[in-house]
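Residue numbers (this note's numbering), protein chains in the order written: chain A, 10 to 309; chain B, 10 to 309; chain C, 10 to 309; chain D, 10 to 309. Just so it is clear, CB atoms sit at the ideal spot from N, CA and C, and this is done for glycine as well. Predicted, not measured: the structure shown is a model, and the values here were computed from it.
Protein chains: 4
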Amino acid sequence: MAQIGFIGLGRMGFAMSRNLIDASHSVWVYDINPSAVERIVALGGHAAASAAEAAANRDFVVTMLPNGPDVEETLFGAGGVATALTKDTLFIDMSTIAPDMTDKIARGLSAMNIRMVDAPVGGTSEVAERGDLLILAGGDASDVARAQAVFDAVGRQTIHCGENGTGTRTKIVNNFMSTALNILTAETLAFAEGAGLDVARTVDVLAGTTAGRGFVSGAYQRKVLNHDISPEFGLALAAKDLNLALNYAAGLNIPLPVGAAASQIYAMAKAEGFGVNDWSAALETMRRTAALPRMSFDGQ
Amino acid sequence: MAQIGFIGLGRMGFAMSRNLIDASHSVWVYDINPSAVERIVALGGHAAASAAEAAANRDFVVTMLPNGPDVEETLFGAGGVATALTKDTLFIDMSTIAPDMTDKIARGLSAMNIRMVDAPVGGTSEVAERGDLLILAGGDASDVARAQAVFDAVGRQTIHCGENGTGTRTKIVNNFMSTALNILTAETLAFAEGAGLDVARTVDVLAGTTAGRGFVSGAYQRKVLNHDISPEFGLALAAKDLNLALNYAAGLNIPLPVGAAASQIYAMAKAEGFGVNDWSAALETMRRTAALPRMSFDGQ
Amino acid sequence: MAQIGFIGLGRMGFAMSRNLIDASHSVWVYDINPSAVERIVALGGHAAASAAEAAANRDFVVTMLPNGPDVEETLFGAGGVATALTKDTLFIDMSTIAPDMTDKIARGLSAMNIRMVDAPVGGTSEVAERGDLLILAGGDASDVARAQAVFDAVGRQTIHCGENGTGTRTKIVNNFMSTALNILTAETLAFAEGAGLDVARTVDVLAGTTAGRGFVSGAYQRKVLNHDISPEFGLALAAKDLNLALNYAAGLNIPLPVGAAASQIYAMAKAEGFGVNDWSAALETMRRTAALPRMSFDGQ
Amino acid sequence: MAQIGFIGLGRMGFAMSRNLIDASHSVWVYDINPSAVERIVALGGHAAASAAEAAANRDFVVTMLPNGPDVEETLFGAGGVATALTKDTLFIDMSTIAPDMTDKIARGLSAMNIRMVDAPVGGTSEVAERGDLLILAGGDASDVARAQAVFDAVGRQTIHCGENGTGTRTKIVNNFMSTALNILTAETLAFAEGAGLDVARTVDVLAGTTAGRGFVSGAYQRKVLNHDISPEFGLALAAKDLNLALNYAAGLNIPLPVGAAASQIYAMAKAEGFGVNDWSAALETMRRTAALPRMSFDGQ
Ligand SMILES: NC(=O)c1ccc[n+]([C@@H]2O[C@H](COP(=O)([O-])OP(=O)(O)OC[C@H]3O[C@@H](n4cnc5c(N)ncnc54)[C@H](O)[C@@H]3O)[C@@H](O)[C@H]2O)c1
Ligand SMILES: NC(=O)c1ccc[n+]([C@@H]2O[C@H](COP(=O)([O-])OP(=O)(O)OC[C@H]3O[C@@H](n4cnc5c(N)ncnc54)[C@H](O)[C@@H]3O)[C@@H](O)[C@H]2O)c1
Ligand SMILES: NC(=O)c1ccc[n+]([C@@H]2O[C@H](COP(=O)([O-])OP(=O)(O)OC[C@H]3O[C@@H](n4cnc5c(N)ncnc54)[C@H](O)[C@@H]3O)[C@@H](O)[C@H]2O)c1
Ligand SMILES: NC(=O)c1ccc[n+]([C@@H]2O[C@H](COP(=O)([O-])OP(=O)(O)OC[C@H]3O[C@@H](n4cnc5c(N)ncnc54)[C@H](O)[C@@H]3O)[C@@H](O)[C@H]2O)c1
């Protein structure tokens, strides 16, 4: 079994370090909050007096801290973890932090010949408690393979996203979508209520349609990602429906800011001539606004 | 079998009227485009010289037209359908139109003692061809029950949403969400690509998380709709992640307008004190901006 | 002096019809609200029993009604004004209505050989009371010249914007900017207060900079509208400043939705390569998203 | 005359250090770009081999660097400026940086007993060349008074905004508004062109109205900031006009993302009951979304 240093024992780190202990690993823990350390010691963890002490002479050192500057400070601050790491220790940052910071940290460690995997997780603290997290790992294949001992104790599935930084990037892209979708969901249900509908019944309807079930494994796979934008549902009709909704909501004084922003992209897509195409052609409009290389479409 | 007038034989109306014919109904069809009429006559429909002729002396008259003004004109314009309807005919509008227009039409018909159901549909033309539409019906229970003969031929499921106008409202709310989600999906995949990720692998990740699978039958049911906003995933952390994404994307010159709009709602939610609560508490923020009555939450 | 029918005696119409009376015109007035009529009769107006009566046998008929459907109904509804108009009367709509509706009305009147000017106004009711409105007139030059007798009594300046519909369009474009700027101003001052600044002092600062004084007659004239996008203030620096502001405000939980939407356009502009150019090059980005023909720039 | 260290000789710093030299000050200059140093030495500056050398034993040290991390690194990085400063030198940062960074820098210097003024500037490089900048100064009154020798050489007006950090905050708030207004201006002119209007004529109109001239020293001063929201122009009418514009633009496929975001705030304001009030009441809506203390209004 492995010797593991674990730094950051909050909602997530507590559950993860406990799962590592339950999987018979030896776990040295540190948190700036002493009572967080005590909780884990009571469950079989070893208390470390500092992050560097938690990290010295381990097989793995894991950080699960709030944000990027916390990880940077813990590693490279005075008396930080980096001073305690050797080339025999694999450093694994599982916090959700900015990609630029992951890159900066990876460069710093690389200059010291220390190997690293960025491995933020999907799933809430409840999922962490069950050891069912989704691990999004970025790093060399051999390092990710080595880290699997840790990942198996805390997660249900590991996806190797690519080189260092891709774990963080995948996590950020994923959470971009989920956190924005949260607001869209909130707008939709407030709209339903403001329109006088039964919200529970509306939820039932949405649960059975694209609205509630999403596009990524449906229409997008079949259509635009398959280079096919022949209309299954026409983009101009989609734009019509969205504008009907916005006008109706305006009359009821129901703000729909996410929807209003979306409607402007339909205008751009129609201005580009995609009105007659499948609504998933909106992807190409977004790609163009970001100056990504143009896609080709079948039969065009 | 029923006598049915069907007006509007476009992408949807063609498939639906054909399914009615296949179900052994007698169908009189009209479209301003004569070739659309011919196509259905070739399949067993009866050509009508006008919308009013299609509508006279039928059990049901169905409209499947582009937008609200088209339905209004077809009904109440000079020599329109309304002049041909009697109290024995049930009028069913299946177009997606503005709720205000549905209300206006319902009032107009009610004043003439003509019964109506608003029954817009979920599903694309492909779904319509398979007779698998979702029917969102608004009207008296007895009228919806009577219309079931029509709905059975074109759809797989009918949801009775409430009184007249609720079918249209449910449809508009549903399509609000799906059409906005389309743009959010497009942003997310453009973001993934711009961040240098493998898009196909990212789609696989999203397909397994809340990002791609949605909230409506998951977190919302468990949490805010259940009056529980104790944090499963904290709203302040969600806001942090979204802002990390927006900052990272800004550095890459990737526009994310829907996400940027969403981030402002997190600011409002945090200003209201919901940062420590579950991210689904965003619903209450949206409800407050619309001046809906305040929800109560367990333990608060 | 002219014989004038005036329909719509609200906040604006009251002041304008009074000014017409004060300028010695004979004014027949109508409003669905009888007390509004009485107020003007007390000042020398002639009461009309209907809009049509107010309109019959006049030199000019003016409408100043809330919105487009009101004007349409007043003109073309049963017993409407159009039935009372002849080719000798000039119809002047001064309401702020949708351009599509102005076009529809103009077509309807033209088919009846009745001449029309669309002439919405700039200025609040206070300005109307002083007879100082800005008149944005659309129509044939001869009709606008003829209408000048009316305009002189209610306004301080008339701008002939072009053919029928251009008055309304200019008004809509103008009010688009002012109504959105109102929200931007509100965001800015809430931001200042939330940032702990003295609001009055901040207003003084803004009053002396581009922020408070605008671009249209300054930087835009000198730069992008002059086909010069060499940097006076670089677009990338402008984007940097806006993102600094959004990040700072996010930390304070101050929502800035208009600013957040604007930041996404900077991302588009930078993706297109305009980061090194003058910030006014944002115009070309907006033009491209609307598929307007590309501008040429000096030295590029 | 003063001994001045000046660090950062870009578009702005070049013009400012030259103006300091022209005002007979002794100026030691540093930039990571050697040719930038040479240009100023040719005009009478003294070359310093490092930022610290430029800073040692001066009356004032000025930084004019791209962004906050540059200033931080220059001050506190290895061998940085802070090591060379004594309590006799006044440090003046004139860069536009994040307020949090200004605060962090101020704390760092204060701990070393070094006095500082944050003094970002308004005006483009062209204005800097004329020595006509607007100086937004934050710091103790005595320090700002002492810095006046520097400010007089580079600017036309100094506004003392308050304690340390208020200069930066005022600058960020000001540039928030100007950079967002830039996009609103771009949207408006693209809209005018897409609507078929003569753009030059539209610019003339806008230049004479609130749209082009702004609110801050007009309607806001008279109305909401004066605790008076009786309607001069009703908020509901403003919302109507904005929605007319958005609908019309949607039909023309002209994206107006800033305007669309603004329209949602009108919905919130109307939901709160401000529809009948002056449109400047939007300020109170924005204040409430930021949880600022409620304003009181006359007669309410
Ligand atoms: N909570 C979730 O549902 C969830 C889901 C996925 C990812 N994440 C991510 O996981 C990370 C941790 O989240 P969390 O919910 O556990 O946060 P948390 O706030 O509950 O815990 C953070 C812990 O780190 C400790 N800490 C902070 N600075 C420290 C330092 N310098 N040294 C040592 N300890 C320090 C704190 O005392 C605290 O115990 C975040 O990046 C978060 O975005 C959270
Ligand atoms: N296409 C979809 O995937 C889909 C899905 C759900 C709902 N809808 C809704 O169904 C409705 C119809 O959509 P569609 O895709 O069939 O549109 P379509 O444009 O393909 O067909 C509309 C038909 O109506 C005819 N028409 C127009 N005005 C008419 C009039 N005054 N009298 C008679 N005929 C007239 C047209 O000639 C055309 O054949 C719309 O409201 C749409 O929003 C469409
Ligand atoms: N108030 C302003 O500051 C301002 C400024 C510029 C433009 N406008 C525009 O001027 C128009 C009028 O604005 P207002 O402020 O006077 O509005 P208002 O609501 O004060 O007045 C409208 C008047 O029209 C009457 N009316 C409504 N329907 C009618 C009908 N069918 N027949 C006869 N009378 C009818 C009402 O009774 C009312 O007296 C609007 O289009 C508005 O957008 C207003
Ligand atoms: N340009 C304007 O119109 C304008 C107007 C107002 C405020 N500002 C602000 O003024 C500041 C400077 O803007 P600018 O337009 O002069 O930028 P610039 O990019 O033209 O110049 C920056 C200079 O700093 C130098 N530099 C960067 N890092 C350095 C370091 N570590 N040590 C020494 N020198 C370093 C660069 O070599 C360059 O010469 C920015 O914060 C900007 O936002 C600019």
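- In the assembly as shown, Gly-88/A is an exposed residue. Its beta-carbon has fewer than 16 other beta-carbons within 10 Å.
- Contact holds between the segment 94–104 of chain B and the segment 120–129 of chain B, because three or more Cβ pairs, one in each stretch, are under 8 Å apart.
- Secondary structure within the segment 100–158 of chain B: the alpha helix (DSSP H) runs of 4 or more consecutive residues, fully enclosed, are 108–120 and 134–138 (chain order).
- DSSP places Ser-289/B within a helical segment (H, G or I) once states are collapsed to three.
- The nearest non-hydrogen atom of ligand 1 is less than 7 Å from the C-beta of Asp-79/A.
- Val-126/C is the residue among Asn-256/C, Ala-58/C, Val-126/C and Ala-61/C whose C-alpha sits nearest the C-alpha of Asp-149/C.
- Under DSSP, His-169/D takes part in a beta bridge, and its partners are Ala-146/D.
- Around the beta carbon of Pro-302/B, fewer than 16 other beta carbons lie within 10 angstroms, which makes this residue exposed.
- Our two residues, Ser-35/C and His-55/C, have alpha carbons roughly 8 Å apart in a direct line.
- Collapsing the DSSP output to three states places Val-225/A in coil.
- Between Ala-290/D and Gly-22/C, the alpha-carbon positions lie close to 24 Å from each other.
- With three or more CB-CB distances shorter than 8 Å, the segment 171–188 of chain A counts as touching the segment 210–223 of chain B.
- Rounded to the nearest angstrom, the gap between the Cα atoms of Ala-65/C and Leu-18/C is 18 Å.
- Contact note: Asn-183/B reaches chain A through Val-214, Leu-215, Thr-218 and Ala-220, using a C-beta cutoff of 7 Å and chain order.
- C-alpha of Leu-265/B to C-alpha of Gln-12/B: approximately 51 Å in a straight line.
- Thr-298/D has a beta carbon lying within less than 8 Å of a beta carbon in chain B.
- When Cβ-Cβ separations below 8 Å define contact, Ala-270/D makes contact with chain A.
- Each of Ala-137/B, Glu-81/B, Ala-199/B and Ile-30/B was checked against the Cα of Asp-112/B, and the nearest Cα belongs to Glu-81/B.
- Here the C-alpha atom of Thr-197/A lies approximately 42 Å from the C-alpha atom of Ala-158/A.
- In this model, Ile-114/D and Ser-33/D are separated by some 30 Å (Cα to Cα).
- For Phe-69/D, no alpha helix (DSSP H) encloses it; the enclosing beta strand (DSSP E) starts and ends at 69–72.
- Pairing Ala-220/C with Gly-132/D, the inter-Cα distance amounts to about 11 Å.
- Here DSSP, grouped into helix, strand and coil, assigns Ser-59/B to coil.
- If the five residues before and after Ser-104/B are omitted, its C-beta is found closer than 8 Å to the C-beta atoms of Gly-17, Thr-72, Met-73, Leu-74, Pro-75, Asn-76, Gly-77, Asp-79, Val-80 and Pro-129, all from its own chain and listed in chain order.
- Judged by DSSP secondary structure, Gly-54/C falls outside any alpha helix (DSSP H); it is assigned neither H nor E.
- For Ala-271/A and Ala-248/A, the gap between their C-alpha atoms comes out near 9 Å.
- In the three-state reduction of the DSSP assignment, Ile-263/A falls in the coil class.
- Contact of Met-277/D with chain B is assigned, a C-beta pair being separated by under 8 Å.
- Interface residue (Cβ-Cβ distance to chain C less than 8 Å): Pro-266/A is classified as such.
- In terms of beta-carbon proximity, Ile-144/C stays away from the interface with chain B, with every pair separated by 8 Å or more.
- Cβ-Cβ distances below 6 Å link Ala-60/B to Ile-16, Tyr-39, Thr-83 and Val-90 in the same chain, with the five nearest sequence neighbours on each side left out; the list follows chain order.
- Comparing alpha-carbon positions, the option among Glu-172/D, Leu-29/D and Met-186/D lying closest to Gly-205/C turns out to be Glu-172/D.
- Taking 8 Å as the threshold, the shortest C-beta distance from Thr-133/D to chain C falls below it.
- As computed with DSSP, Phe-15/C is found in a beta bridge with Val-38/C and Val-71/C.
- In the structure shown, Gly-174/A adopts coil according to DSSP, grouped into three states.
- At least one heavy atom of ligand 2 is found less than 7 Å from the C-beta of Leu-18/B.
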